[in-house]
Structures are given as structure tokens and as C-alpha cells.
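Novice: Here it is: the structure, laid out below.
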Amino acid sequence: MKETKFYDSAIDKFKHRDFNSALELFLRSIEEDPANFKAYNYAGIIFGMADSAERASKYFDKAIELKPEFSDAYSNKGIILSGQGRYEEALSFFQKAKSIAPANEMNYYNHAVALQEIGKIDEAICEFRKTIMINKNNAQAHFHLALLLLMTGDFREGWAEYEWGYKSGDILDRKIYKLRWDGSNFAGKKIYIYSDQGFGDTFQFIRFLPEVKKRGGEIILEVEPQVKEIAERFGYFDKLVIGNKERRPAADFDIYIPLLSIPGTVGTNISGEPYLSASPEKIEEWKEIINSSGKLKAGFVWTGNIYPPRNKKRHMNLTDFAFLFEIKGIEWYSLQKDAGTDFIGYPVTDLGLKLNDFDDTAAAVSNLDLVISIDTSVAHIAGAMGKKCWLLLANVPDWRWGISGENSAWYNSVKCFRQTERGNWKEVLENVKSELLKLAEDFNEQ
Numbered sequence: 018m019k020e021t022k023f024y025d026s027a028i029d030k031f032k033h034r035d036f037n038s039a040l041e042l043f044l045r046s047i048e049e050d051p052a053n054f055k056a057y058n059y060a061g062i063i064f065g066m067a068d069s070a071e072r073a074s075k076y077f078d079k080a081i082e083l084k085p086e087f088s089d090a091y092s093n094k095g096i097i098l099s100g101q102g103r104y105e106e107a108l109s110f111f112q113k114a115k116s117i118a119p120a121n122e123m124n125y126y127n128h129a130v131a132l133q134e135i136g137k138i139d140e141a142i143c144e145f146r147k148t149i150m151i152n153k154n155n156a157q158a159h160f161h162l163a164l165l166l167l168m169t170g171d172f173r174e175g176w177a178e179y180e181w182g183y184k185s186g187d188i189l190d191r192k193i194y195k196l197r198w199d200g201s202n203f204a205g206k207k208i209y210i211y212s213d214q215g216f217g218d219t220f221q222f223i224r225f226l227p228e229v230k231k232r233g234g235e236i237i238l239e240v241e242p243q244v245k246e247i248a249e250r251f252g253y254f255d256k257l258v259i260g261n262k263e264r265r266p267a268a269d270f271d272i273y274i275p276l277l278s279i280p281g282t283v284g285t286n287i288s289g290e291p292y293l294s295a296s297p298e299k300i301e302e303w304k305e306i307i308n309s310s311g312k313l314k315a316g317f318v319w320t321g322n323i324y325p326p327r328n329k330k331r332h333m334n335l336t337d338f339a340f341l342f343e344i345k346g347i348e349w350y351s352l353q354k355d356a357g358t359d360f361i362g363y364p365v366t367d368l369g370l371k372l373n374d375f376d377d378t379a380a381a382v383s384n385l386d387l388v389i390s391i392d393t394s395v396a397h398i399a400g401a402m403g404k405k406c407w408l409l410l411a412n413v414p415d416w417r418w419g420i421s422g423e424n425s426a427w428y429n430s431v432k433c434f435r436q437t438e439r440g441n442w443k444e445v446l447e448n449v450k451s452e453l454l455k456l457a458e459d460f461n462e463q
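The opening position of the sequence shown corresponds to residue 18 in the working numbering, with each subsequent residue numbered one higher.
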């Protein structure tokens, strides 16, 4: 291989993120020297960035053909396959990259991510640890390791590793320049607690406020406006403030801690018993909306926020769910926000337009007999209120639901229905149908 003037110019453009010009120059470099395996590799990277996975893959293949011991091309080919959801195929490329370049931390990291996505959790943990052995400051490896440790129930090490999320960028670092609480008694001081992640996280982790309250002092709790009423009823704080767009603290304080860092500080003593409640007044209001005809009243959610992209695997289409509507003896209520006209032709009452905040959601859930939901905040509300909830999970779910079993350590009333094959909701929903037929029959015999 000879590095030509086109190749040198392409590298310069690539370094300055002028990818269109770089691609043109890499392709001209290949014309000038068809043996330039590095140019093929770089061209593949740029095609991959442009979502041209098939073209990228061909260029990586050519780089490998020209230079069979070129680890970067194997690694990049594996990344492309992973991006297409072809994780099993990607594994062999990451393994080859590791064998050629065993000192490259990212070969282990990429291998670990692929293993994680196909449910080989123990092997993925091992590969993330190897990544960290090579580079102890690889924040993304630490954070991925944290999630897998938490998934397997290793809370002690898992929560310690979780804090790397602030360095990896997976969790927003507010950069508060005051002392962070270390779990010690803080009598005479004000502590600021905030949740900077999803609504479901707030509902799940607000349970730990009593442990903070035991350690004295004044608690200032920041929440989003949609959560305000539910948080007020839960209590265990002295002042409630609403978060602002700038993510700046909304009150004066002495020390602080993010809500999701509390269990790693005070210990993860979990009870699956209910701890949240709906407004009695709103429960009565929603009784007028959710008719009591004597049938089983089931609410459901089939999709939610698809960002970040890794959340997409949690969701399904309404058409996947729709065959359940054929079961007799059930009144169906959608708890889905912004469903639009999706329900036309289905025997479903759409509650979404009436759900102004989570206080409404909680009141609606209180009037239902069952909630069927993918992994969303609605499932957390149902579980935290002790409402029967059937949770539909991807084959590798979010860490909090573990990797196997029907029960949830966090909520006694939640039953997990898990995919056994990536992306296949059919088996999950067939199992739900079987259980639902029994439940509807038993309910209507009462």
C-alpha cells in the first residue's frame, strides 16, 4: 500500500470533520492505489456515519481482504452489524479484532455491548471488566458494567459504578459546586434532591426519601410539574420545588444528591409494598369516565418515548396488541398519550386526551382492574400503587427488571412477561392472552 496525496488530504479532511470531502478523496485514493486498505476502512466509516450500512460493510470487507490482520476493519464491520441488530454475526468480528489487537480497549468494549444485547450478561460483564483493566478511565465501560451489575442484583458494586454515568454523558451532570451528600447525618443543614432522568425513575426512587429523612435536616425535593401532586401526597420532604429548563437548583441548600444516587449512598433496602396513592377526589372524578359495567376493566400502554434509540426495543405497534381486544368480558382503556386516530375500528376508550398529568394517570389506574404496559412510567405508577400490572419486556430489558423471572423485586403487584427472542412480541402477547382469558373468566364469575 502506498499513501498518496489524495489519501493524505482525505485524512486531513476527516480530522477536521469535513466528511463529504474526505469521502471523495478516499475514493480517489482507492482509484489511485486499489491496495490502500486504510482508505477502504475510512470510506466504510463515513458510509456508516451516513447510514449506508450495506456500502460501509462492503468497504470493510474489502479492507479485510486486502489486509487480513487489520483489526480496525474487523471492529468496524462488527459495529455496522451491531447497528443493524445482527449482534450474533458481529461477535466473530469483535473476537477477531481482539485477537489481532489485544491491547485495544474498544475491541473488548464493542464485544461486550454485542454480548449484552443478546442476553449473555455474565460474558458481557467479563468483557467490560477487561476494557476497564486496559483503561480504568473508560467511563462508558464503567457505566455499562454498572447497569449489568444492577440487573444481576449486585447493588453494592453496581451503584458505585453507576456514578460513572456522569462522566460518560449517559446522565446529565448539573455541575453543582457544593458538597455532595455522603450519607452522614445532616442535622441543621438543607439537602437538595433532584431527579434528572425519566418520570419512571422518579416514581421508582422516591421511595428512598424516608431513608434520607432519618438522617435529619431539611429536605428540598425538586420534581417536574407533572409529578408534583403525587410527590406531595408521598411526603418525606420539607419543601417541594419545580425544576426549571436551565436545570439550575430552584432553592438555597447546603448539600445535594441526585435521586438515583440515594440507594448507592444509604443502601438498597427494597420493599415491593405500595407507597404511592392517587387523589381521592380525582378517583371519584375518573369513576364517571371509566364506566362500571361489571366487566374487567383493563388499561394498556404499547409505546412511549423512543429516545434514546436504545429504548426502541421496549415498544410495540398497536396492531401487535390488537388481537387481545377480541377477548370477551373486558373493557379496554388506552392510557397512551398522543395516540391520535390509532383506535379507529377498535373497541377501545381513549383516555389519553384527558390525562393532563400523572395525578390523572394515577386516578385512572385506581379505577382499573388491570394495567398491561411496556416499560413506561405508567407501569411504575401502577406498581408503586399496588395495582395489578402485567409488564411486557424486551428479551434484554432495562436493568431494574432483572434478566429472568415473573416477579419484580421493586413492585409486588407487577408480573413480568418477557421476550425469549429479540424483537418478537408475538409469544409474549400469546402468553398474555392465555392469562387474560383466565382472569376475565374468573372476574366475570364473581
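Heads up, the beta-carbon is just placed ideally off N, CA and C, and yes, glycines get one too.
1) In the structure shown, what three-state DSSP assignment does residue 311 receive?
2) Skipping 5 residues on each side, what residues in its chain have a beta carbon closer than 6 Å to that of residue 250?
3) Shortest alpha-carbon distance to residue 9 belongs to which of 48, 50, 56 and 47?
4) Under three-state DSSP, which class holds residue 193?
5) State the DSSP-derived secondary structure class of residue 155, mapped to helix, strand or coil.
6) Are residue 319 and residue 272 touching if we call contact CB-CB under 8 Å?
7) Residues bridged to residue 208 by DSSP?
8) Rounding to the nearest angstrom, what Cα-Cα distance links residue 190 and residue 261 in this structure?
9) Along the chain, where does the alpha helix (DSSP H) that runs through residue 108 open and close?
10) Mind reading off the beta-carbon distance from residue 274 to residue 254? Whole number of angstroms is fine, and I expect it under 8 Å.
11) Rounded to a whole number of angstroms, what is the C-alpha to C-alpha distance between residue 108 and residue 128?
12) Say whether chain C places a C-beta atom closer than 8 Å to the C-beta of residue 269.
13) Roughly how many angstroms separate the alpha carbons of residue 399 and residue 405, rounded to a whole number?
14) Let me confirm a value: residue 67 is counted as buried when at least 16 other C-beta atoms fall within 10 Å, else exposed. Which label applies?
15) By Cβ distance below 8 Å, which residues in the same chain neighbour residue 86 in space, the five residues on each side in sequence not counted?
16) Excluding the five sequence neighbours on either side, which residues of its own chain have a C-beta within less than 6 Å of the C-beta of residue 9, listed in chain order?
17) List in chain order: all unbroken alpha helix (DSSP H) runs of 4+ residues lying wholly within the region 323-411.
18) Output the residue ranges of the alpha helix (DSSP H) runs that lie fully inside the region 38-104 and measure 4 residues or longer, sorted by chain position.
19) Identify which residue in 24, 415 and 308 has its Cα closest to the Cα of residue 367.
20) Take residue 21 and list the residues in its own chain whose beta-carbon comes closer than 8 Å to its own, dropping the five residues that flank it on each side.
21) Whole-angstrom Cβ separation of residue 213 and residue 265, contact assumed at under 8 Å?
22) Using DSSP with H/G/I as helix, E/B as strand and the rest coil, what is residue 293?
23) So, with DSSP's three-state summary, where would you put residue 448?
24) When you measure from the CB of residue 398 to every non-hydrogen atom of the ligand GDP, does any distance come out below 7 Å?
25) Skipping 5 residues on each side, what residues in its chain have a beta carbon closer than 7 Å to that of residue 267?
26) For the putative contact between residue 347 and residue 312, defined by C-beta atoms under 8 Å, what is the C-beta separation to the nearest angstrom?
27) Taking all protein chains shown into account, do 16 or more other C-beta atoms lie within 10 angstroms of the C-beta of residue 351, making it buried, or fewer, making it exposed?
28) Using a Cβ-Cβ cutoff of less than 6 Å, which residues in the same chain neighbour residue 91 once the five nearest sequence positions on both sides are dropped?
29) Return the residue from the list 179, 457, 439 and 388 that minimises the CA-CA distance to residue 133.
30) Residue 389 and residue 317 look like a contact to me (Cβ under 8 Å); what is the Cβ gap, rounded to whole Å?
31) Are the CB atoms of residue 193 and residue 376 nearer to each other than 8 Å?
32) Between which two residues does the alpha helix (DSSP H) carrying residue 132 extend?
33) Rounded to whole angstroms, what's the CA-CA distance from residue 218 to residue 280? Just pull it up for me.
34) Which value, in whole angstroms, describes the spacing of the CA atoms of residue 417 and residue 136?
35) Determine which residues share a DSSP beta bridge with residue 433 and list them.
36) Which of the three DSSP states is assigned to residue 281 in this structure?
Specialist: In short, the structure shows the following:
1) Along the sequence shown, read from residue 1 onward, the residue named residue 311 stands at position 294. DSSP places residue 311 in coil when its eight states are reduced to three.
2) Here residue 250 refers to the residue found at position 233 of the sequence shown. Short of 6 Å from the beta carbon of residue 250, and not among the five residues preceding or following it, lie these beta carbons of its own chain, in chain order: 294.
3) The structure shown does not extend to residue 9, since the chain is modelled only from 18 to 463, so the question has no answer here.
4) Looking up residue 193 in the sequence shown gives position 176. If DSSP states are grouped into helix, strand and coil, residue 193 belongs with coil.
5) For the purposes of this step, residue 155 is taken as the residue at position 138 of the sequence shown. Three-state result, residue 155: coil.
6) Working through the sequence shown from its first residue, we reach residue 319 at position 302. Working through the sequence shown from its first residue, we reach residue 272 at position 255. Going by C-beta atoms, residue 319 is not nearer than 8 Å to residue 272.
7) Locating residue 208 in the sequence shown gives position 191, where the first residue counts as 1. 236 and 272.
8) The residue given as residue 190 occupies position 173 in the sequence shown. The residue given as residue 261 occupies position 244 in the sequence shown. Taking the straight line from one Cα to the other gives about 15 Å.
9) To locate residue 108, count along the sequence shown from 1; it is residue 91. It spans 104-117 - the alpha helix (DSSP H) in which residue 108 sits, taken as one unbroken run.
10) Indexing the sequence shown from 1 puts residue 274 at position 257. Indexing the sequence shown from 1 puts residue 254 at position 237. With 8 Å as the limit, residue 274 and residue 254 do not qualify as a contact, their Cβ atoms being about 13 Å apart.
11) Looking up residue 108 in the sequence shown gives position 91. Looking up residue 128 in the sequence shown gives position 111. Straight through space, the alpha carbons of residue 128 and residue 108 are spaced by roughly 6 Å.
12) Here chain C cannot be found, since the structure has a single protein chain.
13) Here the question's residue 399 lines up with position 382 in the sequence shown. Here the question's residue 405 lines up with position 388 in the sequence shown. Rounded to whole angstroms, the gap between the alpha carbons of residue 399 and residue 405 is 7 Å.
14) Looking up residue 67 in the sequence shown gives position 50. Classification of residue 67: exposed, given that the 10 Å Cβ count is below 16.
15) Walking along the sequence shown from the start, residue 86 turns up at place 69. Contacts found: 117.
16) No answer is possible for residue 9: it lies beyond the span of the chain, which begins at 18 and ends at 463.
17) Segments of the alpha helix (DSSP H) lying fully in the region 323-411: 335-338, 375-383 and 394-402.
18) Fully contained in the region 38-104 are the following alpha helix (DSSP H) runs of length 4 or more, in chain order: 54-66, 70-83 and 88-100.
19) On the sequence shown, residue 367 is found 350 positions in, with the first residue counted as 1. Here the closest residue by C-alpha is 308.
20) Looking up residue 21 in the sequence shown gives position 4. If we look at residue 21 and ignore the five residues flanking it on each side, its Cβ neighbours are 46, 49, 50 and 53.
21) Locating residue 213 in the sequence shown gives position 196, counting from the first residue. Locating residue 265 in the sequence shown gives position 248, counting from the first residue. Not a contact, Cβ separation roughly 12 Å.
22) Within the sequence shown, numbered from 1, the residue matching residue 293 stands at position 276. DSSP places residue 293 in coil when its eight states are reduced to three.
23) Taking the sequence shown and counting its residues from 1, the one referred to as residue 448 is at position 431. Helix.
24) Of ligands this structure carries none, so the ligand GDP is not represented either.
25) Locating residue 267 in the sequence shown gives position 250, where the first residue counts as 1. 239, 258, 259, 260 and 261.
26) As a working mapping, residue 347 is identified with position 330 in the sequence shown. As a working mapping, residue 312 is identified with position 295 in the sequence shown. Correct: roughly 6 Å between the Cβ atoms.
27) For this step, residue 351 is matched to residue 334 along the sequence shown. Buried, since its Cβ has 16 or more Cβ neighbours within 10 Å.
28) Here residue 91 corresponds to residue number 74 of the sequence shown, with the count starting at 1. Correct list, in chain order: 110, 113 and 114.
29) As a working note, residue 133 is residue 116 in the sequence shown. Distance check between residue 133 and each of 179, 457, 439 and 388 places 439 closest, using alpha-carbon atoms only.
30) Counting from one through the sequence shown, the residue named residue 389 turns up at place 372. Counting from one through the sequence shown, the residue named residue 317 turns up at place 300. Cβ atoms of residue 389 and residue 317 come within 8 Å of each other, at about 4 Å.
31) As a position in the sequence shown, residue 193 is number 176, starting the count at 1. As a position in the sequence shown, residue 376 is number 359, starting the count at 1. Contact: no.
32) Start at 1 with the first residue of the sequence shown, and residue 132 comes out as number 115. Counting along the chain, the alpha helix (DSSP H) containing residue 132 begins and ends at 122-134.
33) Start at 1 with the first residue of the sequence shown, and residue 218 comes out as number 201. Start at 1 with the first residue of the sequence shown, and residue 280 comes out as number 263. Pairing residue 218 with residue 280, the inter-Cα distance amounts to about 12 Å.
34) By 1-based counting over the sequence shown, the position of residue 417 is 400. By 1-based counting over the sequence shown, the position of residue 136 is 119. The straight-line gap from Cα to Cα measures roughly 15 Å.
35) Your numbering for residue 433 matches position 416 in the sequence shown. In the DSSP output, where bridge partners are listed per residue, residue 433 has 408.
36) Indexing the sequence shown from 1 puts residue 281 at position 264. Residue 281 falls in the helix class under three-state DSSP.
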